[in-house]
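Worksheet: the structure to be examined is printed underneath.
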């Protein structure tokens, strides 16, 4: 039964490619290609026009200067780039250990007949679909409870983004753990290792490529988020380097957002260049994820 | 080009000011805990942070002030947000910011929240904006009266006033395509208040955007297009838009830096403010120093950010208000 199930889609595909030349299937195939081409055309148009708009500003000043009202022709992303790096590192340090630990508990140790484990599981699925703005509000509320008024700091931003990507990290980590064959665990246990040793020395190392990929994809989602940062009141004009997790800061999406709403053309050009830089950062993160997956993936 | 020469001109006056401000700063804030007294001779290096948020219209102005200020106090970290006038007051009255930028005066219910939280503040007018009513150049209308504006924008016009010639028979037979800011904007609040007679009362069947560049594009590219936004967005796009003169009973007046400053462009010339938290000003020397610098150099700051400067009378008034705080 399982055999025929897995074989059938491949069979259908090969028949569509070589044997099935009825008019209807050809039209259908063309329609599929057209929808794909349409989507890619729009995407490429956006990227290319943005790159052309920003072409004048891919210079050193874009990276080394602060945002400037006095000399808009050399306005730069320095504070935003550094702010985004601070934000991403802090987010990763907060979310990754907690996310992986939670996933290991749920996958390896939790008894899912217990109601509280099932409740956690249900909530995880729902949390992954919550709009990002809500996490910003949550972070502000948490810090208001402990008496922090000035919420426009790296730590609060990182908590908001950390909460945002936590469900994604947990879900992808659980999937990578599940992909580690049962036999590895059984073998380890049979040789006298405790469940903790088995998880720590066998299961977790085998799952690292999947965990790393999922985590990086989650971070590359967080890097482009503006909404939760707007909610915590992150500044848009910052002319100093952030110097710690309690420092005020600005981030790439907000800087770009701010520049696009300026009246002077120099800022719009810089905004277009900023969009391409942010796109480059996201692509670099995704590229890293693909590299890690290809390099370290094991098959059993 | 203009800006570069301006900067050059501003520099000597800045140097002179550095000395003057250093001296005055020495007087009031010697006991602040964020102050690092360094070299003697009357100059003092401050550190610490200043948080400002509020109107996105005023944000470039406060950012320009922060940028000029940085040349003399490089260690003070001034962060400026643009949450909008309303959002700014919300944060300000919760004690999250030291300075709130505003494109309209604080409202009663906002002031109540501040009172309740024990936040005392001082209102300082820092610049003037000529709220500009623009049309697509093809329309060919040059002047509108405030009554005609009300006729177009009041809630009763919704669905009824759809053609320019309904407003005045001499206007062309063209469909009205209206563009305006969204309801969160201080610009919207101000316009509806002075034109429609009630803050927030507006027809709602117009193209709304919080991004003024979208409004500019809309009016410039739509036949029969009309909209309103801050003067700087008209100034940057003067070749593709027509700014309508406004007649409030005393003849047609065109929006410009001069007519806004001398008060003849009524009622759409509007004051722009910063609100300073009195406690932050008193307790944190870097906040006091920044605000003093901002107001003392207001002419340079408004010019650098290409805003319409205050006239002499208004400048004096702002300086007097500040001196009461000192």
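Residue numbers (our numbering), protein chains in the order written: chain Y, 34 to 333; chain D, 462 to 787. Every residue, glycine too, gets a C-beta built ideally from N, C-alpha and C.
| For residue 752 of chain D and residue 303 of chain Y, the rounded distance between their alpha carbons | In this structure, the CA atom of residue 303 of chain Y is about 29 Å from the CA atom of residue 752 of chain D.
| message | I need the DSSP call for residue 321 of chain Y, collapsed to helix, strand or coil. | response | Secondary structure of residue 321 of chain Y (DSSP, three-state): helix.
| Contact residues within the stretch 260-273 of chain Y, judged by C-beta distance below 8 Å to chain D | Contact residues of the stretch 260-273 of chain Y toward chain D are 263, 266, 267, 268, 269, 270, 271, 272 and 273 (C-beta to C-beta distance below 8 Å).
| said: Just to make sure I have the definition right: I need the residues of chain Y whose C-beta is within less than 9 Å of the C-beta of residue 672 of chain D. Which are they? | reply: Those are 293 and 294, listed as they occur along chain Y.
| message | The alpha helix (DSSP H) that contains residue 82 of chain Y, what's its start and end? | response | Unbroken alpha helix (DSSP H) run through residue 82 of chain Y: 56-86.
| field | Inter-residue Cα distance where the pair is residue 255 of chain Y and residue 278 of chain Y | value | The C-alpha of residue 278 of chain Y is placed about 17 Å away from the C-alpha of residue 255 of chain Y.
| said: Tell me whether the stretch 695-703 of chain D and the stretch 519-530 of chain D touch, counting them as touching only if at least three CB pairs, one residue from each stretch, are closer than 8 Å. | reply: No, the stretch 695-703 of chain D does not touch the stretch 519-530 of chain D.
| request: Verify whether the separation of the beta carbon atoms of residue 615 of chain D and residue 662 of chain D is less than 8 Å. | output: Cβ distance < 8 Å, so residue 615 of chain D and residue 662 of chain D count as in contact.
| query | Since residue 187 of chain Y contacts residue 275 of chain Y with CB under 8 Å, what's their CB separation in whole angstroms? | reply | That pair is a contact at about 6 Å.
| Same chain only: Cβ atoms within 7 Å of residue 686 of chain D, ignoring 5 sequence neighbours per side | Excluding residues within five positions, the ones whose Cβ falls inside 7 Å are 596, 597, 638, 640, 679 and 680.
| request: For residue 556 of chain D, decide whether its Cβ has a neighbour in chain Y, counting only Cβ atoms nearer than 8 Å. | output: Closer than 8 Å to the CB of residue 556 of chain D there is at least one CB belonging to chain Y.
| request: For the beta strand (DSSP E) containing residue 165 of chain Y, list its first residue and its last residue. | output: Element bounds for residue 165 of chain Y: not the beta strand (DSSP E) but the alpha helix (DSSP H), 165-178.
| field | Proximal residues of chain D, C-beta to C-beta of residue 184 of chain Y below 7 Å | value | Those are 557, listed as they occur along chain D.
| When Y:247, Y:97 and Y:103 are compared against residue 110 of chain Y, the one with the closest alpha-carbon | With distances taken between Cα atoms, residue 110 of chain Y lies closest to Y:97.
| Contacts of residue 298 of chain Y in chain D (Cβ-Cβ under 9 Å) | For residue 298 of chain Y, the neighbours in chain D by C-beta distance under 9 Å run, in chain order, 697.
| Buried versus exposed call for residue 205 of chain Y [16 or more other C-beta atoms within 10 Å across all chains shown] | Counting other Cβ atoms within 10 Å of its Cβ, residue 205 of chain Y reaches 16 or more and is therefore classed as buried.
| Is the distance from the Cβ of residue 329 of chain Y to the Cβ of residue 214 of chain Y below 8 Å? | Not closer than 8 Å, so no.
| field | Where residue 513 of chain D falls: helix, strand or coil (DSSP) | value | Assignment of residue 513 of chain D by DSSP, reduced to helix, strand and coil, places it in the strand class.
| message | With DSSP as the reference, identify every bridge partner of residue 561 of chain D, one or two as the case may be. | response | D:514 and D:736.
| Can you find a CB in chain D that lies within less than 8 Å of the CB of residue 239 of chain Y? | By this cut-off, residue 239 of chain Y is not an interface position.
| task | Taking only the alpha-carbon atoms, compute the straight-line gap between residue 174 of chain Y and residue 607 of chain D and give it to the nearest angstrom. | result | If you draw a straight line from the Cα of residue 174 of chain Y to the Cα of residue 607 of chain D, it is about 45 Å long.
| query | Counting pairs of beta carbons, one from the stretch 745-760 of chain D and one from the stretch 569-578 of chain D, are three or more of them closer than 8 Å? | reply | No contact exists between the stretch 745-760 of chain D and the stretch 569-578 of chain D.
| query | Alpha carbon to alpha carbon, what distance is there between residue 654 of chain D and residue 705 of chain D? | reply | Spanning the two alpha carbons is a distance of roughly 19 Å.
| task | Grab the span of the alpha helix (DSSP H) containing residue 116 of chain Y for me, first residue to last. | result | Residue range 111-137 is occupied by the alpha helix (DSSP H) that includes residue 116 of chain Y.
| said: To the nearest angstrom, how far is the alpha carbon of residue 113 of chain Y from that of residue 281 of chain Y? | reply: Each residue's CA atom was taken as its position, placing residue 113 of chain Y and residue 281 of chain Y some 11 Å apart.
| said: Looking at chain D, is there any beta carbon in it that lies within less than 8 Å of the beta carbon of residue 165 of chain Y? | reply: No, its Cβ sits nowhere closer than 8 Å to a Cβ of chain D.
| task | Just the chain Y side, please: which residues come within less than 8 Å of residue 533 of chain D by C-beta, in chain order? | result | The CB of residue 533 of chain D never comes closer than 8 Å to any CB in chain Y; the least such distance is about 13 Å.
| message | 8 Å is my cut-off, CB to CB: does residue 717 of chain D come that close to chain Y? | response | No, no contact with chain Y.
| Quick one: is residue 108 of chain Y buried, meaning 16 or more other Cβ sit within 10 Å of its Cβ, or exposed? | Counting the other CB atoms within 10 Å of its CB gives residue 108 of chain Y a total of 16 or more, which places it among the buried residues.
| query | What does residue 769 of chain D pair with, by DSSP beta-bridge criteria? | reply | Answer is D:589, bridged to residue 769 of chain D.
| Do you know offhand how far residue 71 of chain Y's Cα is from residue 770 of chain D's? | Going from the Cα of residue 71 of chain Y to the Cα of residue 770 of chain D covers about 50 Å.
| task | On a CA-only basis, which of Y:311, Y:307, Y:246 and Y:240 is nearest residue 94 of chain Y? Give me that one, please. | result | Measuring from the Cα of residue 94 of chain Y, the nearest candidate turns out to be Y:307.
| Which first and last residues belong to the alpha helix (DSSP H) in which residue 287 of chain Y is found? | Its alpha helix (DSSP H) spans residues 285-293.
| Are there 16 or more other CB atoms within 10 angstroms of the CB of residue 324 of chain Y, so buried, or fewer, so exposed? | It counts as exposed.
| Unbroken beta strand (DSSP E) runs of length 3 or more, entirely within the stretch 573-623 of chain D: which are they? | If we require 3 residues or more, the beta strand (DSSP E) runs fully inside the stretch 573-623 of chain D come out as 582-591, 593-596 and 604-606.
| Leaving out five residues before and five after residue 553 of chain D in sequence, what residues of the same chain have Cβ atoms less than 6 Å from its Cβ? | Excluding positions up to five away in sequence, the list reads 561.
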